[in-house]
Each structure stands twice: as structure tokens, then as C-alpha cells.
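Here the structure comes first, spelled out in C-alpha cells, and everything after it is commentary.
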Amino acid sequence: MIIYNVDGNIVYENNSSSKDDTLAEMLEKKISFKKIILKYFDFSNKEINYMNFDRAILNRCSFKGTKLQSVSFYDTEARYIDFTNANIRDCCFRKADLERSNFSGAKLQACNTAGAYVYNTVLEGTMLPETSHEFMAEVLRQAAGDDIEKVKVAAYIAFNENKCWSDFLAINDPLKDWAVSVVKKYVSLPILENYYI
Amino acid sequence: MIIRDTDHNVVYENGSESKDETLTEMLKKKISFKKIRLNYFDFPSRKELEVDFSGAELYHCNFRSVKLYYTSFQGSRCIRNNFTNAELRYCNLDRADIRKSDFTNTTFHNCTTYCANIKGAKLQNTSLPWNSHEFIAEALRQAADNDVEKLKIAGYIAINTDKCWSDFLAIDDPLKEWAISVLRSYPNYPEGNYNVF
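As C-alpha cells, this is what we get:
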């Protein structure tokens, strides 16, 4: 199997045709995953610490039940990824394209998601980082359905990254309670009182 | 002068200390500008430029009065660049970070700006790309100032990338007229032709 990076260079080559074997070898040999192209690879139930997937293409990979600590997905193309029940801590998703990825049951703690594209991500039972405008707006957008006034509240949060929770709670909006009740399901609210998003 | 790319590899090297000379040589020798890192470079005005800047880092560069045709800024970081009086035709600004750039009197024609970050860009008298949710939302955001309801309208356009002009015009919103009046102040507002999104 030959693994390329986004510049078209060969990153790793072996005689195996198994994706699982190749991935295990690459992890063992500590091959750099920066800018790598890996589609449909299975990282599920692994423990991945301090790894760099910056600008990589990881569409449709599985991180099901994976423990990810201090992993960087900066500007990574990560569509349709399965993060079900993953434990994601201190990870960077800045500018990552996470469209339609599945975060059901995942726990995201202290993650940076600035500029991430999280459109149509699956967020059932997900614990989200309360600092993430992108995820907060997406849960609200999904909960809003076709209600334009509710979509506008989601849009306000998505678009005003310079505003924090205290700014949002200070505005006089009839849908503020609705927004807080939706968000409550994804973040722990005691923090929300004084936390900047 | 040594020119490096974003991976710190040397892209071009000469004995000159002049940025203008170096740039002229590079353009003449058709050196690749992909992923290049350039600060405070002055691109020749009134010249036609067809360059691939994808993944590049261009800070405080000057594209004043430059005719940029089929130029790609895809995924580039182009913060605080000067595009005044420039003409951008068929350019790709997808996922570009063009925050705080100056687009005064700039003309856009058939450019794509999917997921571009335009926060704080100067848009005085800019001929906006009317298919761009990002530019339209930013124009409205700047006009909204701190008015929450107006910011919601700007955000609504920013996050609803699957919606088009006709969808927006169909909604019953008291601020719709305000939004249209703001956009009408731009020189090339497509009066009567709403099939532009």
C-alpha cells in the first residue's frame, strides 16, 4: 500500500494491502501524519496523543471510541468522520472541515474549533466545548429547523466570534431562553454563566 | 534575499536586497507562489497577474490596482493586504483568510469565496461578488454595528449558504428593507436580478 500526502509525495509504502496493518505500522514507526491522505482508515478504540494531522485529508475515517489528547486537526479535511463516543481533549480543530461528521456520544473538552465548518454534524448526546461558537451555532441551527427567528439566533452566535456568553445573556431577546435550553443539553451551564465563547 | 514557503523550505534565493527586484525576477522566472510566505511585497500595479497563491501566507502585501485573473488564494492566509482598485476575475478565494484586507474600489467578477474569512475587511465602494454569502454578510455586519437584530440578519446570510436571494427575499422580516438598502449602496448591486446567489 502506498500512502501519499496532499503534495503528491509518498509518505509510506509497504507490501500489505490491509489498511489496518498499514496504519498500525505507521503508528508504530511514528510516521508524520501532517498533510497525509487517509480515507476510510480505522483509528477506532485507539489512544492517540500529541499527533499532528494538520492539513491532512481524513474523509470517512473512523475514530469511534478513540481517546484523542492534544491532537491537531488544523485545516484538516475531515468530512463524514465517525467520532462516535470518542474522548477528545485539548485538540485543535481550527479551520477543519468537519461537515457531516458524527460526534454522537463524543466528549469534546478544551478544544479549539475557531473557523471550523461543522455543518450537519451529528451531535446527539455530544458534550461540546462551551467556547465553540461553531458548535453552539450548529446545535441551535439544527434545533431551529425552519423557524427563521431561531435560525437568526444561531446565526448571531456563529457570526459574532468576538462576543462572549455574557454578551449573549445580556441581550434582550425573546428566544434567549430557548437558545440556553438547547445549549444546556450539550454543555454544563455553571461554566456558561461566566465563560467566554 | 531568501524567499521561503510555509514549510520553511527555500523557494527562491538571489543576491538582491530589494523586494521589488526579487518579485519581478520571480514572476519572470515563473516561480511557484503556492504556499509561499511573503510579507510587505508590492505587486506591480496595472499588470495582469495569474498566479496560484493557494496555501500561501501573504501579510501586508500590496495588490493595488493589480488585475488578478484566474488567481487562486485557496486556503491562503492573506491578512491586511491591500487590494484597493484591484480587479479580481475568476479568482478562487475559497477558505482564504483575508481578514482586515482593504478592498476599497475593488471589482469582483465571477469569484468564489466559499468559507472565506472576511472579518474587518474594508469594503468602501467595492463591487461585491453577489454570489458570496461571506462578502454580503460582512457588508451587513459592518453596517449593523452593534444592533443585535441587524447582526442576526447578517449572520443569517452567513450561515445559510444553501439559501439564495429568492429565499431571503421571501422571508417576512422587518429588517429586509434595511438589508437591501445597505447592499444597494454598493456600486454593482444587481437591481432586479436576484438570481445571483
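These protein sequence lines map, in sequence, to chains A and B.
The opening position of the first sequence corresponds to residue 1 in our numbering, with each subsequent residue numbered one higher.
The opening position of the second sequence corresponds to residue 1 in our numbering, with each subsequent residue numbered one higher.
Every residue, glycine too, gets a C-beta built ideally from N, C-alpha and C.
Interface criterion not met: the Cβ of Val180 (chain A) is under 8 Å from no Cβ in chain B. Take Ala137 (chain A), set aside five residues on each side of it, and the residues of its chain with a beta-carbon closer than 6 Å to its own are Ala154, Ile157, Ala158, in chain order.
For the 8 Å CB-CB criterion, Leu140 (chain A) and Ala110 (chain A) do not form a contact. Proximity of Ile98 (chain B) to chain A, defined by a Cβ-Cβ separation below 8 Å, is not satisfied. The continuous alpha helix (DSSP H) containing His133 (chain A) extends over residues 133-144. Ile3 (chain A) has its alpha-carbon roughly 7 Å from the corresponding atom of Ile37 (chain A).
The DSSP-derived three-state label of Ile2 (chain B) is strand.
Beta-bridge analysis with DSSP links Phe108 (chain B) to B:Leu88. Taking 8 Å as the upper bound for CB-CB distance, Asn112 (chain A) and Arg94 (chain A) are in contact here, some 6 Å apart.
With a minimum length of 4 residues, the unbroken runs of alpha helix (DSSP H) contained wholly in the segment 13-38 of chain B fall at 19-28. By the Cβ criterion, the segment 95-104 of chain B is not in contact with the segment 144-153 of chain B, since fewer than three pairs of Cβ atoms, one from each stretch, lie closer than 8 Å. Non-local beta-carbon contacts of Arg77 (chain B) in its own chain, meaning distances under 6 Å to residues more than five positions away in sequence, involve Glu57, Asp97 in chain order. Membership of Arg184 (chain B) in the alpha helix (DSSP H) is indicated by the continuous run 176-184. Around Lys176 (chain A), no beta-carbon contact reaches into chain B at under 8 Å, the shortest distance being about 10 Å. Within 8 Å of the CB of Ile37 (chain A), no CB atom of chain B is found; the nearest one sits about 15 Å away.
Residues of chain A whose Cβ lies closer than 7 Å to the Cβ of Cys115 (chain B) are, in chain order, Tyr117. Of the residues A:Glu134, A:Asp42, A:Ala106, the one whose Cα lies closest to the Cα of Ala24 (chain A) is A:Asp42. Annotation: Gly65 (chain A) to Arg4 (chain B) spans about 40 Å, alpha carbon to alpha carbon.
The secondary-structure analysis by DSSP pairs Glu13 (chain A) across a beta bridge with A:Ile2.
Beta-bridge pairing by DSSP links Ile88 (chain A) to A:Leu68, A:Leu108.
Interface with chain A (8 Å Cβ-Cβ cutoff): Arg80 (chain B) is excluded.
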